[in-house]
Each structure stands twice: as C-alpha cells, then as structure tokens.
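Colleague: If you count the sequence shown from 1, you need to add 30 to reach this note's numbering.
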Amino acid sequence: MNRKCLLLIPLFFSSVIITACDNKPAVKTTMEPEVGVVTLAPSSVNIKSELPGRALAFEIAEIRPQVGGIIIKRNFVEGDKVSKGESLYQIDPAPLQARLDSAKGALAKAQATANNVRLTLNRQSALIKSNYVSRQDYDTTLSQLNEAQANVAVAKADLEQATINLRYANVTSPIDGISGKSSVTVGALVTANQENSLVTVQRLDPIYVDLTQSVQDFLRLKEEKANGKIAQQQGKIPVELMLENGKPYRHTGTLEFSDPAVDETTGSVTLRAVFPNPEGEILPGMYVTALLDEGSQQKRVDGPPARNYAQRARKSHRADP
C-alpha cells in the first residue's frame with residue numbers, strides 16, 4: 031500500500047505544475063490608431079446676399095375713356111392677353127358721328143364765306159385805282175377776308191377734333207399685356223378722362239422686382255463691381271430669385287438700376303432687377319427673395335467636417351475587450 035502511494039505522489043505534482051502553466055494571464059493587445067491625413071488648400075467661395083423684394087409689372091396702363099358716351103360693347107375677356115391697339119370697349123359712336131358731320135358742314139360754310147369775300151376784295155382792288163371804291167370800303171373788305179380765313183381755320187380744327195373723338199369711341203389698349211377686371215358693363219355711361227379707369231392692362235413679361243439693400247452693402251457692391259470682382263452679363267449683375275414657396279425661380283434676371291436717393295426712414299437703397307417671365311409665374315405684388323452675387327473670397331481654407339474626424343478617432347482609439 032505504501033509503495034503505491036509513493037508512486038502516485040510524483041504524478042500528482044506533475045498535474046499541478048501543468049495546470050498552473052495553463053492558467054497564465056492572457057496578453058492584451060491594442061491596435062495602433064488610424065491617423066487621417068488631409069491636405070488643406072485655399073478655395074474660391076462665392077458670396078451671395080439675400081435681399082427682400084417685391085414684383086411689379088413692367089408696364090401698367092389704366093384705361094380711361096377720352097370721350098363721353100354709353101358703352102355698347104366690351105371686346106375682351108377679363109384676364110386674357112390683349113395686344114397693343116386691340117379694341118377693349120366700344121362707345122356709342124352716333125353722337126360723335128353727328129358732331130363730325132356738323133363740323134364738316136361748318137367748314138364748308140366758312141370756306142364759302144371766305145371765297146365770297148375774296149371775290150369782293152378782288153373786284154374792289156381793280157376799282158380802287160379808278161376811285162370807284164373808297165379806301166375805307168376796301169380796307170373793310172380786306173378785314174372781312176381775314177376774319178373769314180380765320181373762321182376756316184377754326185372750322186378745320188373743329189373737324190379734326192370731331193374726327194379724333196369719333197376714333198376715341200373705340201377704346202383700345204396702348205400696350206401688350208394681361209387685362210384685369212372690368213369696372214364697367216355694357217350700358218354704363220362714361221365721361222372723358224374720368225377718375226376711375228375702365229380696366230387695367232399690365233405687361234408681365236419681362237417683370238420688375240424691386241429690392242431693398244442697406245447703404246453699406248450697396249457701397250460695397252458698387253466697389254466690387256468697379257474692381258471686376260463680380261461676374262457680369264453684358265455689363266449687368268446677374269440676380270437669382272427664390273419664390274415665396276422656397277423654390278428657386280427658373281430664370282435668371284439682371285440688376286438694372288438703383289434709386290439715386292436713400293430712404294431716410296430705413297437707411298436703405300432700392301435696387302431694380304428685371305426677370306424674364308414667359309410662364310407668368312411671377313405676379314405683381316408677390317414677395318420674393320433675391321440672391322445677389324457679391325463676388326468671391328480667395329483666402330478661405332476649407333476642410334472636411336470635424337464630426338467625421340471625431341467618429342474616426344473614437345473608432346481608432348477604442349480598446350479591444
């Protein structure tokens with residue numbers, strides 16, 4: 031029994047030593063952090079300022095009658111396009127035609143009177159040399175001829191005015207544009223040059239946009255334009271537009287002029303831009319935002335967003351479990 035125990039003792043210590051060797055602590059390893067390399071270089075950055083603006087019609091014509099009478103016909107549809115010279119209203123021409131005929135008769139009468147006086151004067155001029163006609167009678171006839179000729183001139187002017195008035199009975203549009211709401215109907219009595227217009231016609235293509243800019247920004251804009259820092263189209267500064275719904279307008283306009291005076295209450299200057307408007311998307315009175323190019327800066331250095339580097343740094347320095 032004792033001999034067997036003595037044989038087992040070496041085996042026991044051998045197993046203890048092997049087990050102890052297997053329980054050595056694990057060596058913890060860490061990865062070297064990644065280092066991102068980015069080359070920074072100066073870049074050109076366009077500078078654009080946002081200016082509030084309001085749209086205005088390119089041309090506005092408030093149609094008023096130039097003669098009085100009864101409207102007998104309206105020749106347009108409200109809201110439709112009208113052309114320059116197109117008939118909008120017809121005023122009853124009958125009274126005007128009567129005045130024209132009367133003016134023609136008055137002219138004929140004045141011309142006949144002048145002719146009779148001229149014949150009398152011609153006869154007297156032949157007789158005055160023989161003293162058959164007194165000098166006083168001759169002078170009286172000469173004066174009558176001058177008066178008759180003046181009456182002819184007046185009659186001609188009256189005839190011309192009557193002709194013009196008859197033409198004014200056809201009320202036409204002086205411009206191409208969009209007709210508005212008619213303020214009168216057939217049967218309405220109108221007067222010459224009345225205060226209320228019959229209808230308003232507005233030309234909307236192209237269309238104006240008035241912008242407001244501070245004096246300081248306006249002076250800087252003029253300086254940068256003079257120094258050639260602002261891109262121009264045929265000598266004019268291009269302007270972009272944002273509509274009230276936040277969408278960009280499809281057409282680019284140009285800056286046309288600036289108001290020569292400064293608004294004392296706001297300390298700002300009014301700029302006027304012109305935009306093509308073939309689709310009629312911009313209407314007078316709409317509020318818009320203009321994007322005005324103010325040149326570029328060449329010394330700015332841009333890099334990638336810092337958030338990306340922070341994420342990479344956290345990943346590269348994370349310790350393994």
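Positions of the beta carbon are idealized from the N, C-alpha and C atoms, including for glycine.
The beta strand (DSSP E) spanning T284 covers which residue range?
Modeller: G283 to S288
Colleague: Let me make sure I understand the geometry here. Which of V231, S212 and N200 has the alpha-carbon closest to that of S113?
Modeller: V231
Colleague: Leaving out five residues before and five after C51 in sequence, what residues of the same chain have Cβ atoms less than 8 Å from its Cβ?
Modeller: Note that C51 scores a pLDDT of 47, beneath 50, so its modelled location is shaky; the value from the coordinates is reported in the next line. Excluding positions up to five away in sequence, the list is empty.
Colleague: Tell me, which residues are paired with E92 by DSSP?
Modeller: T230
Colleague: Do the CB positions of L196 and L130 come within less than 8 Å of each other?
Modeller: Cβ distance < 8 Å, so L196 and L130 count as in contact.
Colleague: Consult DSSP for V299 and reduce its assignment to one of helix, strand or coil.
Modeller: Strand, per DSSP.
Colleague: Going by beta carbon distance, what residues of the same chain come within less than 7 Å of N226, once the five residues before and after it are set aside?
Modeller: S213
Colleague: Under the rule that 16 or more other beta-carbon atoms within 10 Å means buried, what is Y238, buried or exposed?
Modeller: Y238 is buried by the Cβ-count criterion.
Colleague: Please look up how many angstroms separate the CB atoms of S209 and E108, rounded, as I've assumed it's under 8 Å.
Modeller: Between S209 and E108 the beta-carbon gap is near 6 Å, inside 8 Å, which marks them as a contact.
Colleague: Figure out for me which residue from F305, F106 and A291 has the closest Cα to the Cα of K266.
Modeller: F305
Colleague: Quick check: what's the CA-CA separation for L322 versus S79?
Modeller: 5 Å
Colleague: Using the DSSP secondary-structure output, state which residues sit across from F305 in a beta bridge.
Modeller: Answer is I237.
Colleague: Distance check for R84 and H281, CA to CA, integer angstroms please.
Modeller: Between H281 and R84, the alpha-carbon positions lie close to 16 Å from each other.
Colleague: Which same chain residues, not among the five before or five after V97, have their C-beta less than 8 Å away from its C-beta?
Modeller: I121, L126, N195, Y198, A199 and A222
Colleague: Could you check if R104 is buried or exposed, using at least 16 other CB atoms within 10 Å of its CB as the buried criterion?
Modeller: With a threshold of 16 other beta carbon atoms within 10 Å, R104 meets it and is buried.
Colleague: By DSSP's criteria, G207 is part of a beta bridge. Which residues make up the other side?
Modeller: V112
Colleague: Within 10 Å of its beta-carbon, does I77 have 16 or more other beta-carbons around it, so buried, or fewer, so exposed?
Modeller: I77 should be labelled exposed.
Colleague: Would DSSP call A138 helix, strand or coil?
Modeller: It is helical.
Colleague: Pick helix, strand or coil for I312, following the three-state DSSP scheme.
Modeller: coil
Colleague: Round the Cβ separation of F355 and R233 to the nearest angstrom and send it over; I've been treating them as touching at under 8 Å.
Modeller: Outside the shown range of the chain, which is 31 to 351, sits residue 355, and nothing can be said about it.
Colleague: Would you report the Cα separation of A128 and K134, rounded to the nearest angstrom?
Modeller: 10 Å
Colleague: Tell me whether Y168 sits in a helix, a strand or coil according to DSSP, three-state version.
Modeller: helix
Colleague: If you run the structure through DSSP and keep just helix, strand and coil, what is D293?
Modeller: strand
Colleague: Can you tell me whether P278 is buried or exposed? The criterion is at least 16 other CB atoms within 10 Å of its CB, across all chains shown.
Modeller: Exposed: under 16 other Cβ atoms inside 10 Å.
Colleague: On the three-state DSSP scale, how would you describe E225?
Modeller: coil
Colleague: Please name the residue in R153, T242 and L118 whose C-alpha comes closest to that of S203.
Modeller: L118
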